[in-house]
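Chains as they are written, first to last, in my numbering: chain A, 890 to 1231; chain B, 890 to 1231; chain C, 890 to 1231.
Structure first, then comments.
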Amino acid sequence: MADIFLRNDWYVAALSHEVADGPAAFTVLGEPIVLYRDHVGVVVALEDRCVHRQAPLSLGTVEGDRLQCGYHGFTYDRTGACVLIPSQDRVPPDARVRAYPVRERHGMVFVWTGDPAKCETRAPFDFPYAEDAGWSCHTARLHGRFDYRLLIDNLLDLTHLSFVHKATIGSAGLARDDNTTTERDSDRVKVTRWSPDIEQAPAHVEITGYAGRIDRWQIIEFTPASFIWLQVGTAKAGSGGRDASDKDKLLDRHALHIMTPETAASTHYLWVMANKAGSLSETQEQILRDRSIEAFNEDIAIIEGQQSRLDPSRAIVDVGSDAGQIAGRRLLERLIAEDAGG
Amino acid sequence: MADIFLRNDWYVAALSHEVADGPAAFTVLGEPIVLYRDHVGVVVALEDRCVHRQAPLSLGTVEGDRLQCGYHGFTYDRTGACVLIPSQDRVPPDARVRAYPVRERHGMVFVWTGDPAKCETRAPFDFPYAEDAGWSCHTARLHGRFDYRLLIDNLLDLTHLSFVHKATIGSAGLARDDNTTTERDSDRVKVTRWSPDIEQAPAHVEITGYAGRIDRWQIIEFTPASFIWLQVGTAKAGSGGRDASDKDKLLDRHALHIMTPETAASTHYLWVMANKAGSLSETQEQILRDRSIEAFNEDIAIIEGQQSRLDPSRAIVDVGSDAGQIAGRRLLERLIAEDAGG
Amino acid sequence: MADIFLRNDWYVAALSHEVADGPAAFTVLGEPIVLYRDHVGVVVALEDRCVHRQAPLSLGTVEGDRLQCGYHGFTYDRTGACVLIPSQDRVPPDARVRAYPVRERHGMVFVWTGDPAKCETRAPFDFPYAEDAGWSCHTARLHGRFDYRLLIDNLLDLTHLSFVHKATIGSAGLARDDNTTTERDSDRVKVTRWSPDIEQAPAHVEITGYAGRIDRWQIIEFTPASFIWLQVGTAKAGSGGRDASDKDKLLDRHALHIMTPETAASTHYLWVMANKAGSLSETQEQILRDRSIEAFNEDIAIIEGQQSRLDPSRAIVDVGSDAGQIAGRRLLERLIAEDAGG
Chain A
890 MADIFLRNDW YVAALSHEVA DGPAAFTVLG EPIVLYRDHV GVVVALEDRC VHRQAPLSLG
950 TVEGDRLQCG YHGFTYDRTG ACVLIPSQDR VPPDARVRAY PVRERHGMVF VWTGDPAKCE
1010 TRAPFDFPYA EDAGWSCHTA RLHGRFDYRL LIDNLLDLTH LSFVHKATIG SAGLARDDNT
1070 TTERDSDRVK VTRWSPDIEQ APAHVEITGY AGRIDRWQII EFTPASFIWL QVGTAKAGSG
1130 GRDASDKDKL LDRHALHIMT PETAASTHYL WVMANKAGSL SETQEQILRD RSIEAFNEDI
1190 AIIEGQQSRL DPSRAIVDVG SDAGQIAGRR LLERLIAEDA GG
Chain B
890 MADIFLRNDW YVAALSHEVA DGPAAFTVLG EPIVLYRDHV GVVVALEDRC VHRQAPLSLG
950 TVEGDRLQCG YHGFTYDRTG ACVLIPSQDR VPPDARVRAY PVRERHGMVF VWTGDPAKCE
1010 TRAPFDFPYA EDAGWSCHTA RLHGRFDYRL LIDNLLDLTH LSFVHKATIG SAGLARDDNT
1070 TTERDSDRVK VTRWSPDIEQ APAHVEITGY AGRIDRWQII EFTPASFIWL QVGTAKAGSG
1130 GRDASDKDKL LDRHALHIMT PETAASTHYL WVMANKAGSL SETQEQILRD RSIEAFNEDI
1190 AIIEGQQSRL DPSRAIVDVG SDAGQIAGRR LLERLIAEDA GG
Chain C
890 MADIFLRNDW YVAALSHEVA DGPAAFTVLG EPIVLYRDHV GVVVALEDRC VHRQAPLSLG
950 TVEGDRLQCG YHGFTYDRTG ACVLIPSQDR VPPDARVRAY PVRERHGMVF VWTGDPAKCE
1010 TRAPFDFPYA EDAGWSCHTA RLHGRFDYRL LIDNLLDLTH LSFVHKATIG SAGLARDDNT
1070 TTERDSDRVK VTRWSPDIEQ APAHVEITGY AGRIDRWQII EFTPASFIWL QVGTAKAGSG
1130 GRDASDKDKL LDRHALHIMT PETAASTHYL WVMANKAGSL SETQEQILRD RSIEAFNEDI
1190 AIIEGQQSRL DPSRAIVDVG SDAGQIAGRR LLERLIAEDA GG
């Protein structure tokens, strides 16, 4: 079976606040990884399996800049080299666990799961809103028991909002696919949707207090293997859409959706959301966060159901609104094949 | 491995009251099936897997006579044809899920799991007491983690009542197999047991108030793949058995036991029980229902234990009381082989 | 794959008090075994699978010296012979389940899992302290989801006490392996450790009230397949170790650790602990028992973690302190190979 993972890539293994005191275990692409911070707070990522007897290093302790196994005390530096074996003076030169290149940015910890020598060939995903004082951001995570590619499919076809999210962030008018364009380039797929003169979603009525008809835009950009950047918003119908004046614009947001594969059938679902600073009150932002979690749990429910029904022996039918996800799957497959070949 | 399921047959997928508002999911012979009622209450049975991206249709909604997928809104009629795709005007002609022939009778929903073209070659099991005002009926269900054939074996050898059910519906005198006959014909196995002058079962003392010795009859008729009709009763010892006068007859009942395979190792255990109308008070009927559930849970406990111990590498020993179950297994195997061959 | 079990051996299946009224089920080396006591209290061990339809005999009842299946009443004597089939007069001569040689001693029930004809070739493990009024003993058990050999490894390398048990029965000075000797003979591995002038373990300070520096000895003897005898103790530093006078000796104990394989990936962890009679108050003994359970649960946590990380494709590194466990594994492998060959 062909690999479903792009090995040479940066993945978000954890949110920054999840790596605090002591080592923390995360599985990424099926590999057990332990993260910890050294004495100045820099994150280190090692294979979570001691070279001695394969105990999880995540059950150990951080000692200064080093990680000590909780079984017999083998101690590793940030390169994965064992530098101390308490029972004896000599450390065998081959006593070494795998070290993962690691970067921390945007409140998240990225690890490079492929060949470490190649990690400079790509940069971790850049989401400038996370670093821009003009935008108010937060991060969160959920977990789903499904193949991460099903979540990519989900986000590249937002007609699902009318059905999965009709009680939260969707409304009937989003079901149509008439004003949708799909752009493909060598390393991205971009879907642009424009839904003029439709009803507001229930959660958006609640947040904005506006119950009239609206125009809604959704620009979805997939960067393999695990990032989807959404530029989404609403304005009063006919007021100019993204170019509406501040008084007519209702919501204007950026969201980075991240689907880090945990195993072949489970996924870390993480996100960063950015709202224009000052555009929403604290209460409005909190409602938005709460409704987002509700909505993403709605996605998880339907995708876990889908995972349980997957049967490759049964033919499936593609339609027009699948253009984005078909392009996304093709791009991902091509990159995985190239990566495996190289 | 030979198939353990008779594909071309009617199975009870659900009790009628289990299919009410909205779609309901049931697995039968390993196949996910969604049941729903149209606007006049007729039950429809479809494959529980959308042709688009394989989401479970049971997570969707009923719209009039149709079922709409909860993911992207693909909508199906009772034939399984997709008749609406909200994102576009055109519906591809091959957009279709499997539709199962379905019949509702006796308070139960029957589905035909084989070739739909053959569904008229057999009728769903007929249990006339369920439709007869002279009999008071109720239905119920349990669930067991075992191969459905073990439950057939269980019911074709009622010597187990003396052991499994000694605290409920059994008594020591039922352990003997002296007055038992087994009849085999081309599509049924019938076991007739006569236990004269034995003690009452505890539950029957409780229901009838009679603690003296009794005669007990048990007529067990297996109709493959999943129906066993029990005609059972008790009369005061020596009063004539089934022909005893009303004053000497204590219990006179028909029970249809149904073992619908869910998967190869799990079973829907359903039943219809019929007591002569007016022969028992409301209180007595309730006790009978409660003790039946207790007793059938006793069966489930021992059969799940048996399932956990099954080891085909260990020889088993057959005895005289196995005649019914051996005949039942042979008949079932023959019908499965014929069905697969045809 | 080579067998990981030594079949022809005595294993502790249960603690004596676990076999009381009625049959009790235990799985040993993957085999389901039912234990019961006859009318004078002698333990019988049979295959927990009726010869008739493979129901677990442990769901049945003890009738005098015999065990009756709870399904159809087949009744077995201590030899495993079926002696009664309630439904008929005749018992087929091949109606027989496997009977396991069984011995009860030291408050434990030993079963022989191999060829019964060979059971006299070895004796169940002898732990004389359990029968000696000069020693105060207790037994207990835990359960771990790991290969039993990982627990043997654990006990043959006690440098782990400094890390796994630093809050209970370990201290930093035990991490060194300078004064350790490993002796191998044809059927045992013995590791002797001497740790002079080290700090007390927290649990031992609590028990003895002595917080000064100590000398500690640990003599570990592995007798395959599943017994490790520990002779351990502490004395005030420089007072003579095992030869210290009573006033300087702090703890002086024998412990038999037993790792009975349940399945290839789960283990019954049982033990007998012996303290010199009168050397500890009731309160001190209770603290010792409580801290032992805490400590052994610490072992289970790290070993279950280790089991979850085992990856035979990843190289491991051996060091000097592994001498005991390497010798133990080699001895066990040799005995298993000889046993399978013979």
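For each residue, glycine too, the CB sits at the ideal point set by N, CA and C.
Sequence-distant residues of its chain with Cβ nearer than 8 Å to residue i (five each side left out)
i, result
"R1239/C", "Here chain C comprises residues numbered 890 to 1231, so residue 1239/C is not present and cannot be evaluated."
"G911/B", "Y925, T950, V951"
"A1012/B", "W899"
"S1084/C", "G1062, L1063, R1065, N1068, D1104, R1105, W1106, Q1107"
Proximity below 7 Å, CB of residue i to CB of residue j
i, j, result
"Y965/B", "I1191/A", "no"
"H1027/C", "M1162/C", "yes"
"V940/A", "A903/A", "no"
"P1150/A", "L1220/A", "no"
"G1198/B", "P945/C", "The sequence given here places Arg at residue 1198/B; Gly does not occur at that position. Against a cut-off of 7 Å, the Cβ pair of P945/C and R1198/B comes out as a contact."
"L1177/A", "I1096/A", "yes"
"A1090/A", "S1051/A", "no"
"M997/A", "V901/A", "yes"
"F1035/C", "L1145/C", "no"
"N1043/C", "D1188/C", "yes"
Those residues which DSSP pairs with residue i across a bridge
i, result
"I1103/B", "I1087/B, K1125/B"
"T1002/B", "DSSP, once it has assigned bridges, lists no residue as partnering T1002/B."
"K1079/A", "E1072/A, E1110/A"
"S1025/A", "N1164/A"
"K1138/B", "A1124/B"
"E920/C", "V917/C"
"I1117/B", "F1111/B, H1146/B"
"A944/A", "Answer is none; A944/A lacks a bridge partner."
"H1157/A", "H1032/A, T1149/A"
The alpha helix (DSSP H) enclosing residue i, as first and last residue numbers
i, result
"A1216/B", "1212-1230"
"T1172/C", "1171-1198"
"L1040/B", "1037-1045"
"V1053/C", "1050-1053"
Chain-order list of residues whose beta-carbon lies under 6 Å from that of residue i (same chain, five-residue window excluded)
i, result
"K1079/C", "E1072, E1110"
"G1023/A", "A1166"
"Y1037/B", "M1148, P1150, T1156"
"H1143/B", "Y1018, Q1120, A1163"
"D954/A", "D927, H928"
"I1058/C", "A1090, A1092, A1184"
"A1126/B", "D1086, R1102, I1103, D1104"
Nonlocal neighbours in the same chain, by C-beta distance under 7 Å from residue i, ignoring five residues either side
i, result
"G1077/C", "Reading the sequence as shown, one finds Arg at residue 1077/C and not Gly. E1110, F1111, T1112, listed in sequence order."
"D1046/A", "S1210, D1211, G1213, Q1214"
"D1228/B", "L895, R896, N897"
"E907/B", "A913"
"D892/A", "I1225, A1229"
Continuous beta strand (DSSP E) stretch holding residue i: start and end
i, result
"F915/B", "913-917"
"Q957/A", "955-957"
"L973/A", "971-973"
"R994/A", "991-994"
"A934/A", "932-936"
"C952/C", "According to the sequence shown, residue 952/C is Glu rather than Cys. Counting along the chain, the beta strand (DSSP E) containing E952/C begins and ends at 950-952."
"Y900/C", "899-904"
For the segment 918-932 of chain A against the segment 987-1007 of chain A, do three or more pairs of beta-carbon atoms, one drawn from each stretch, fall closer than 8 Å, so that the two count as touching? yes
Is the segment 1175-1183 of chain C in contact with the segment 1205-1223 of chain C, if contact means three or more CB pairs nearer than 8 Å? no
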